[in-house]
Amino acid sequence: MFGLFGKRGPGASRGGPLAGLTVPPSAGVLSCRVLDPVSEPVRQAEFVVSDAAGRKVLAGETDPYGSVLATVPAGEYRLAITSEGYTPYHGNAVVDESGHAGLGEVRLQVAPQQPLPEPGDWEIDPMHSQIGFTARHIGLARIHGRFNSFAGAVRIAERMEHSAMHVVIDAASIDTGVRMRDDHLRSGDFLDVGAYPTLEFYSERFVHKGGSRWAVTGALTLHGVSRTVTLDTQYLGLGNGLQGEPRGACRATTELHREDFTLTWQTLLARGIAAVGSSITIDLDIQIVPKAARTAQG
């Protein structure tokens, strides 16, 4: 639980580091500084301030010095702070009218590392995985879709950084829930599945970004063009399936630009707005199992 340091009465916001800050009469200031175990500021740590009923009052990120500074109505609050690679922190504070609840230094502790998959040959379990995408439509709505047929193999090395991944996607399995639109996406205007029946991703570079974050970089071949892309990946850890088989899981995302893969079909609305946006967000939810386990499952 947070202690309250330097709590001041009315008019406190007019002196010291809060000089010049205008605070409504019914409000006060809540502040703290977020540090790591060696007293370095934690930048862009996410914080959420909730009221006594559990309702979110505000949220944001720490500044380059690890500081949080918020003006809130007088009352009791709960502050939650999270940052990749650290154990979440929770504490309470009371903010008085025209007062300053200075919470001092909040030190985040390093989170324990998730165990990595055992070295060897693993493969994607398509029954418990999904490869989806989101595209902007007429500058307003977002269109969501997925590929229903894909396969992939992952070779886990003794050092995770030396691992490799190979994924093949059936282009014709694209599915947005609208048959006419899907037929258009399969046509020569877009994927041209007759000439380019698969999308293929091959990676030999895994870079640990801290905590559960990894960058998986490789070559994506789409519409006959290969480009280097990086998957921003969150490793979710290991578990066991219904038959006791070990499973690893991750979530990943990346953004593609259609023009990079010569997917240049476009039509404009009367106001000059593109019918289909130029960028596409790819989202993956993946589970892998040892290759022998998948063979045993049939």
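Mapping of the sequence shown onto my numbering: residues 12 to 309, in sequence order. Note that CB positions come from ideal geometry on N, CA and C, so glycine has one too. Please read these numbers as outputs of a predicted model, since none were measured by experiment.
Can you tell me which of the options puts its alpha carbon nearest to the alpha carbon of residue i?
i	options	result
Pro-257	Glu-215, Ala-303 and Leu-267	Ala-303
Ser-61	Ala-162, Val-106 and Val-53	Val-106
Gly-131	Val-117, Met-171 and Leu-114	Met-171
Gly-71	Ala-81, Ala-63 and Gly-65	Ala-81
Tyr-76	Ala-56, Pro-301, Thr-93 and Leu-202	Ala-56
Leu-231	Ala-168, Arg-89 and Glu-266	Glu-266
Gly-39	Val-49, Ser-50, Gly-86 and Leu-242	Gly-86
Val-165	Gly-229, Met-191 and Gly-221	Gly-229
Arg-147	Val-178, Ala-168 and Thr-187	Thr-187
Taking the C-alpha atoms as reference points, what is the distance between residue i and residue j?
i	j	result
Thr-33	Ala-112	16 angstroms
Gly-143	Asp-74	33 angstroms
Leu-41	Val-240	42 angstroms
His-155	Gly-110	48 angstroms
Pro-84	Pro-52	27 angstroms
His-219	Val-204	35 angstroms
Cys-261	Pro-36	48 angstroms
Leu-46	Ile-293	34 angstroms
Ala-63	Gly-96	28 angstroms
Ser-290	Ala-91	34 angstroms
Ile-167	Val-189	38 angstroms
Ser-50	Gly-255	43 angstroms
Provide the residue(s) that pair with residue i in DSSP beta bridges, ordered along the chain.
i	result
Glu-87	Val-105
Ser-42	Leu-80 and Gly-113
Leu-267	Ile-291
Asn-251	Pro-257
Lys-220	DSSP lists no partner for Lys-220.
Would residue i and residue j be called neighbours here (beta carbons separated by less than 9 angstroms)?
i	j	result
Phe-158	Leu-210	yes
Ile-185	Phe-212	no
Leu-249	Leu-114	no
Ala-162	Glu-134	yes
Val-121	Tyr-100	no
Tyr-246	Arg-224	yes
Leu-295	Ser-140	yes
Ile-299	Gly-252	no
Tyr-207	Ala-182	yes
Ser-160	Pro-123	no
Please classify residue i as buried or exposed, where buried requires at least 16 other C-beta atoms within 10 Å of its C-beta.
i	result
Ser-174	buried
Met-176	buried
Thr-98	exposed
Ser-198	exposed
Asp-194	exposed
Arg-282	With a pLDDT of 40 at Arg-282, under the threshold of 50, the modelled position of that residue is not reliable, and the figure given next carries that caveat. The residue in question, Arg-282, is exposed, as its Cβ has fewer than 16 Cβ neighbours within 10 Å.
Leu-279	With a pLDDT of 36 at Leu-279, under the threshold of 50, the predicted position of this residue should be treated as unreliable, though the coordinate-derived value follows. Exposed, by the Cβ-count rule.
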